[in-house]
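Visitor:
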Amino acid sequence: MRLRRLRLFNYRNIGELEIDPGPGVTLLSGRNGQGKTNILESIYFLAYGRSFRTSTPRDCIRHGETECRIEGIVERGSLERTLGVTLRGAEKTLSLYGKPSPLEEFVGNLHLLAFTHAHLAVVRGGPADRRAFLDRAMASLYPGHVRSLASYGRALRQRNRVLAEIAAGARPADAGLLESWDEALVGEGARILANRLRYVRRMKSELPEGLFGSESLRMHYLSTIGAEDPAPAPLADLFRQGLARARARDLRTGTTSVGPHRDDLKLYVNGKSLGEFGSAGQQRSSLLALYFSQMEIHAREHGFYPVFLVDDAEAELDQERLHTFLHYLAQRTQTVLTSAKDFLVPSLGLDPVRYEVRGGRVRTPGAGSGPDPR
């Protein structure tokens, strides 16, 4: 799979732009603040229908303009897909082959992973960051996962609204009503849990041992209902029982305290919590190991590796880690990375397609070659 063409119109500091990333490594170089990360962000938008930097669509519209547009042509073998994102004020429209597309059908057409400063929250941030990390990677592996997340979110908001009204005395406690929302949560929640448990099990089997040294990364999916087995039927029963046990507490607090929306992916290095006790180097190495695991799972499942984005590579990784990481990617997939140092990638022995970014504009790329990703 590869992104063959990217077009941007009025996106952040970019008026109009068109680039053709190479099949191997594409380097976006230039001083900070010129628009390199904006280009990566727009590619990410085509994969997930959202930004990795902001939850407010209007932030992505160029100053003085009323809308922006992202267009991409994605190739997989002989198949070609056209993706689009249009942002108007607070509104967002996704399109596939030029026709409006719901999020659950849009996501999964460009298979992509990204390593950015924001994604270090996977190892440094809270449970929500790690849940999102899992769900993003799972979107292209498990059909219906994005739809399950959306349905679960709607049911959760309704249940929480009822709980909050009861806690505030605005509504009497109605066991029948709560049980109906419990069942809405249980069906989708069990599917989400089953997918996550299966996926974490696969990630464990693909973790590269000692990739950057002798450190040993371990992970454990911590379920608020004590789930371990990914079989959906037992999970539904466990979830139903967990909601029943937590009902008195939920009625007092006005929120749902158990379920996949409260779970966590616990990470350990040498037996200690990575987020609490891991050094900056250990955290970065561990995040790379998680990405390697995800890429191998993806390749085994689909027969090809996802496109990979790397933002500000030399700021996040030392030379040894960067060398190992980029050579791994260059041998397997299309990689688009940004760097303030034009010499960085050539110095590692790679031959990238190059674009120099200045003030939201790009210069014509130099010739470069790379492997044709599977």
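Heads up: the sequence shown is residues -2 to 371, going by the working numbering.
Where is the CB? At the ideal position from N, CA and C, for every residue including glycine.
All values reported here derive from a predicted model rather than from experimental measurement.
(1) Apart from the five residues on each side of it in sequence, which residues of its chain come closer than 8 Å, Cβ to Cβ, to Y45?
(2) From L248 to I11, what does the alpha carbon distance come to, in whole angstroms?
(3) Let me know the beta strand (DSSP E) ranges lying completely inside the stretch 227 to 280, each 3 residues or longer, listed in chain order.
(4) With DSSP as the reference, label Y94 as helix, strand or coil.
(5) Can you find at least 3 beta carbon pairs, one from the stretch 110 to 117 and one from the stretch 0 to 17, that sit closer than 8 Å?
(6) In three-state DSSP terms, what is N10?
(7) Who are the near neighbours of G357 in its chain, counting only those whose CB is closer than 6 Å to its CB and skipping five residues on each side?
(8) Which value, in whole angstroms, describes the spacing of the CA atoms of T253 and Q291?
(9) According to DSSP, is E206 part of a helix, a strand, or is it coil?
(10) Taking 9 Å as the threshold (C-beta atoms), are L80 and L93 in contact?
(11) Just verifying my parser: in three-state terms, what is the DSSP assignment at L110?
(12) Report, in whole angstroms, the separation of the C-beta atoms of V307 and T332, which I expect to be a contact under 8 Å.
(13) Please classify Q316: is it buried, with 16 or more other beta-carbons within 10 angstroms of its beta-carbon, or exposed?
(14) Check whether the stretch 120 to 133 touches the stretch 251 to 270, taking contact to mean three or more Cβ pairs, one atom from each stretch, closer than 8 Å.
(15) In the DSSP assignment, find the beta strand (DSSP E) that holds H217 and state where it starts and stops.
(16) Tell me which residues share the same chain as L117 and place their Cβ nearer than 8 Å to its Cβ, disregarding the 5 neighbours each side in the sequence.
(17) State whether the stretch 230 to 248 contacts the stretch 176 to 191, with contact taken as three or more CB pairs (one from each stretch) at a distance under 8 Å.
(18) Decide if S211 is buried, meaning its Cβ has at least 16 other Cβ atoms within 10 Å, or exposed.
(19) How big is the Cα-Cα spacing for L107 and D17?
(20) Tell me whether S276 is buried or exposed, calling it buried when 16 or more other Cβ atoms sit within 10 Å of its Cβ.
(21) Out of P205, K89, V159, E353, state which residue places its alpha-carbon closest to the alpha-carbon of Y325.
(22) Output the distance between the C-alpha atoms of A243 and A167, rounded to the nearest integer angstrom.
(23) Closest by CA to P229, which one among T335, R188, P257, Y41?
(24) Would you mind reading off the limits of the beta strand (DSSP E) that contains I67?
Guide: From the atom records:
(1) V104, L109, R133, A136
(2) 50 Å
(3) 261 to 266
(4) coil
(5) no
(6) coil
(7) N10, I11, G32
(8) 30 Å
(9) coil
(10) yes
(11) strand
(12) 7 Å
(13) exposed
(14) yes
(15) 214 to 219
(16) Q280, R281, L284, E313
(17) yes
(18) The predicted position of S211 is uncertain, since its pLDDT is 47 and thus under 50; a value taken from the coordinates is nonetheless stated next. By the neighbour-count rule (16 or more Cβ atoms within 10 Å), S211 is not buried but exposed.
(19) 15 Å
(20) exposed
(21) P205
(22) 21 Å
(23) R188
(24) 64 to 73
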